[in-house]
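> Under the numbering used here, think of the first position of the sequence shown as 15, with each following residue one higher. We put the beta carbon where it would ideally sit given N, CA and C, even for glycine.
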Amino acid sequence: MELHFAERTDRDCDRNYLGAVCCCFRHHRAWLSGAGGTSTEHRMGRNSWRFRGADLSRALDRNTARIVHYVYRYRHQPCRGWRTPSSQCGDRIMPLLDIRHLTIEIETPQGLVKAVDRMSLTLNEGEIRGLVGESGSGKSLVAKAIVGVCKDNWRVTADRMRLGNIDLLQLTPSERRRVIARDIAMIFQEPSTCLDPSEEVGKQLIESIPSRTFEGKWWERFKWRKKRAIALLHKVGIKDHQRLMKSYPYELTDGECQKVMIAMAIATAPKLLIADEPTNDLDPITQNQILRLLSRMNQLNNTTILLIGHDLTNITQWANRITVMYCGQSVESADTDRILEAPKHPYTAALLKAMPDFSHWIPHKQKLQSLPGSIPPLQHLPIGCRLGPRCPYAQRQCVEIPYARRIKNHKFSCHFPLNTEKDS
15 MELHFAERTD RDCDRNYLGA VCCCFRHHRA WLSGAGGTST EHRMGRNSWR
65 FRGADLSRAL DRNTARIVHY VYRYRHQPCR GWRTPSSQCG DRIMPLLDIR
115 HLTIEIETPQ GLVKAVDRMS LTLNEGEIRG LVGESGSGKS LVAKAIVGVC
165 KDNWRVTADR MRLGNIDLLQ LTPSERRRVI ARDIAMIFQE PSTCLDPSEE
215 VGKQLIESIP SRTFEGKWWE RFKWRKKRAI ALLHKVGIKD HQRLMKSYPY
265 ELTDGECQKV MIAMAIATAP KLLIADEPTN DLDPITQNQI LRLLSRMNQL
315 NNTTILLIGH DLTNITQWAN RITVMYCGQS VESADTDRIL EAPKHPYTAA
365 LLKAMPDFSH WIPHKQKLQS LPGSIPPLQH LPIGCRLGPR CPYAQRQCVE
415 IPYARRIKNH KFSCHFPLNT EKDS
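Right under this line is the structure:
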């Protein structure tokens with residue numbers, strides 16, 4: 015099968031370049047050269063339907079191949095070439111993670127309950143997505159369902175779950191584990207409980223480094239894992255690697271354990287990193303260090319990050335786009351600036367009002383604004399809109415299930431959305 019110019023190897027590109035240069039001095043333009051490869055494109059190469067009986071000067075089309083060299087101005091064409099016909103501007107960019115209508119049902123002594131109900135999530139490559147909500151809204155369940163860490167009493171179903179061009183629903187359990195271990199990494203909430211207390215931290219970090227990440231000569235394979243582990247510790251901000259490599263998890267602080275977990279996560283060079291409340295129960299200085307580290311990973315390695323948390327103040331500072339969850343449902347999803355300026359759902363507006371604004375004077379002992387009540391238990395969910403019993407804008411129509419609406423890439427589910435005048 016013939017290849018397009020953009021799909022050829024470096025050797026083919028060098029041949030085309032040499033042939034074009036030879037013709038450049040004779041004709042001042044790059045016409046047909048004897049060293050070039052063939053192509054199936056229109057009016058190009060020997061496979062073209064116009065080749066027989068056609069003028070050889072037209073066999074190398076200037077508009078298609080883009081090899082137009084004036085004398086003394088010729089230069090080497092990059093081996094990546096121009097885009098093939100399948101990657102023209104009209105094509106849609108495939109998201110890195112595409113989940114549609116994810117449902118997680120849990121078997122309990124009281125019966126089957128829906129912990130996550132028809133949750134949809136789409137992550138683009140190089141994006142930092144914030145997933146926020148109160149404790150018990152189902153954020154961690156969504157993360158565990160993505161990586162396949164499910165319990166026996168869970169029933170996970172979805173209409174679509176794709177990682178790039180791979181359909182995770184069509185894979186066998188072993189194939190799915192292989193794909194997830196290669197492309198996805200996760201940082202859990204409590205790092206001290208995820209590390210083995212009976213083994214040194216250095217050995218655990220060395221074991222997490224896959225052999226496929228090795229780059230070098232064959233005789234350098236003997237000690238490369240230890241060197242790689244030390245480099246990972248330096249990358250996450252740990253300078254005293256000798257002490258930490260010989261320490262046990264209970265001898266480290268929570269911040270150090272969290273940095274070790276991040277080092278283990280980035281050891282596989284994942285495409286998607288899921289951080290499930292990585293700054294939980296940490297001091298503000300360590301929280302800022304962890305979030306800066308994740309942001310630097312996103313900028314340098316183009317790593318897509320799903321940042322999960324309940325502190326909207328921290329999430330809005332780092333995320334490009336935010337998805338708000340309540341009672342296992344996605345109630346609003348939009349860009350961060352759009353969420354801060356004009357939230358549509360009353361629950362999102364309540365979360366923003368609960369954020370203290372230290373730029374203005376706050377009266378002494380003033381209470382923070384919050385919604386009355388708490389998240390209902392899964393066994394006794396309200397009918398219709400699940401925020402209805404707590405919503406200050408609830409009306410009779412809220413006993414019906416609100417359907418998702420989209421306005422300018424701003425998705426929300428509410429019968430009576432807020433800030434609608436800003437869309438007009």
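Are there 16 or more other CB atoms within 10 angstroms of the CB of methionine 108, so buried, or fewer, so exposed?
Per the 10 Å Cβ criterion, exposed.
> With DSSP collapsed to three states, give me the class of aspartate 351.
Aspartate 351: helix per DSSP, three-state reduction.
> Candidates Pro211, Ala368, Val215: which alpha carbon is nearest lysine 260's?
Minimum Cα distance to lysine 260 is reached at Val215.
> Is the segment 183-198 in contact with the segment 306-321, if contact means three or more CB pairs nearer than 8 Å?
Contact fails: fewer than three Cβ-Cβ distances are below 8 Å.
> May I have the straight-line CA-CA distance separating cysteine 405 from phenylalanine 426, to the nearest angstrom?
Cα to Cα, cysteine 405 sits roughly 15 Å from phenylalanine 426.
> Among Leu392, Glu435, Phe202, which has the Cα closest to the Cα of glutamate 291?
Closest by alpha carbon: Phe202.
> Should isoleucine 415 go down as buried or exposed, given a rule of 16 or more other Cβ atoms within 10 Å for buried?
The residue in question, isoleucine 415, is exposed, as its Cβ has fewer than 16 Cβ neighbours within 10 Å.
> When you compare only the Cα positions, how much space is there between serine 439 and glutamine 303?
Any property of residue 439 remains undetermined from this structure, which presents the chain solely from 15 to 438.
> Assign lysine 379 to one of two classes, buried (16 or more other C-beta atoms within 10 Å of its C-beta) or exposed (fewer than that).
Exposed is the call here.
> Using only alpha-carbon positions, find the residue among Lys165, Ala279, Val170 that is nearest to isoleucine 220.
Per the Cα distances, Ala279.
> Could you give the C-beta distance for leucine 258 and proline 357, rounded to a whole number, given that I count them as a contact under 8 Å?
With a Cβ gap of about 43 Å, leucine 258 and proline 357 do not count as contacting.
> Glycine 125 to glutamate 346, Cα distance in whole Å?
Computed Cα separation, rounded: 29 Å.
> So, at 8 Å on beta carbons, what are the nonlocal neighbours of isoleucine 376 in its own chain, with the 5 sequence-adjacent residues on each side left out?
Around isoleucine 376: Pro370.
> Leaving out five residues on either side along the sequence, give the residues of the same chain with a beta carbon under 6 Å from the beta carbon of threonine 300.
So the list reads Gly269, once near-sequence residues are dropped.
> Applying the 10 Å Cβ sphere with the 16-neighbour rule, what's the burial state of glutamine 272?
Buried, because 16 or more other Cβ atoms sit within 10 Å of the Cβ of glutamine 272.
> Can you tell me which of Pro298, Gly402, Arg132, Gly150 puts its alpha carbon nearest to the alpha carbon of leucine 392?
Checking every option, the nearest Cα to that of leucine 392 belongs to Gly150.
> Just to confirm the assignment: which complete beta strand (DSSP E) runs, minimum length 3, are found wholly within the segment 357-434?
As far as the segment 357-434 is concerned, its whole beta strand (DSSP E) runs of at least 3 residues are 419-421, 424-426.
> Enumerated in chain order, which unbroken segments of the alpha helix (DSSP H) with a length of 4 residues or greater are wholly contained in the segment 181-235?
As far as the segment 181-235 is concerned, its whole alpha helix (DSSP H) runs of at least 4 residues are 187-197, 205-208, 215-221.
> How close, in whole Å, do the beta carbons of valine 250 and alanine 281 come, if the pair is a contact with beta carbons under 8 Å?
Between alanine 281 and valine 250 the Cβ distance is about 11 Å, and since that is not below 8 Å, they are no contact.
> Over what stretch of residues does the alpha helix (DSSP H) that includes glycine 269 continue unbroken?
That run of the alpha helix (DSSP H) goes 268-280.
> What did DSSP end up calling histidine 115 once you bin it into helix, strand or coil?
Three-state result, histidine 115: strand.
> What whole-angstrom Cβ distance do aspartate 112 and arginine 176 have, given they're in contact under 8 Å?
Sure, about 5 Å apart at Cβ, within 8 Å.
> Could you tell me the distance, in whole angstroms, from the CA atom of arginine 410 to the CA atom of threonine 337?
So the two alpha carbons sit approximately 27 Å from each other.
> Pull up the DSSP beta-bridge partners for valine 146, would you.
In the DSSP output, where bridge partners are listed per residue, valine 146 has Gly323, Val338.
> Pick helix, strand or coil for glutamate 139, following the three-state DSSP scheme.
Coil at glutamate 139, not helix or strand.
> If you reduce the DSSP assignment to three classes, tell me which class serine 309 lands in.
Three-state result, serine 309: helix.
> When the Cα of leucine 12 is compared with those of Lys153, Leu182, Gln331, which residue comes out closest?
Any answer about residue 12 is impossible in this case: the structure gives the chain only from 15 up to 438.
> Where serine 373 and isoleucine 223 are concerned, what is the direct C-alpha to C-alpha distance, given to the nearest angstrom?
Each residue's alpha carbon lies about 45 Å from the other.
> Is it buried or exposed, alanine 245, if we count other Cβ atoms within 10 angstroms and call 16 or more buried?
The residue in question, alanine 245, is exposed, as its Cβ has fewer than 16 Cβ neighbours within 10 Å.
> Who are tryptophan 238's beta bridge partners in DSSP?
None; tryptophan 238 has no bridge partner.
> May I ask which residues mark the beginning and end of the alpha helix (DSSP H) holding methionine 259?
Looking at the DSSP string, the run of the alpha helix (DSSP H) that includes methionine 259 is 255-259.
> Going by DSSP, which residues form a beta bridge with threonine 171?
According to DSSP, which records beta bridges pairwise, threonine 171 is partnered with Thr117.
> Beta-carbon within less than 7 Å of aspartate 131's beta-carbon, same chain only, minus the 5 sequence neighbours each way: which residues are those?
Closer than 7 Å at the Cβ level, and outside the excluded window around aspartate 131, lie Thr117, Gly342, Gln343.
> Note the first and the last residue of the continuous alpha helix (DSSP H) segment covering leucine 155.
153-161 is the extent of the alpha helix (DSSP H) around leucine 155.
> If contacts are defined as beta-carbon pairs under 8 Å, then glycine 387 and proline 396 qualify, I think. What distance do you get, rounded to the angstrom?
Not really, about 11 Å apart at Cβ, beyond 8 Å.
> In whole angstroms, what is the alpha-carbon distance linking glutamine 383 and arginine 310?
One C-alpha to the other measures close to 34 Å.
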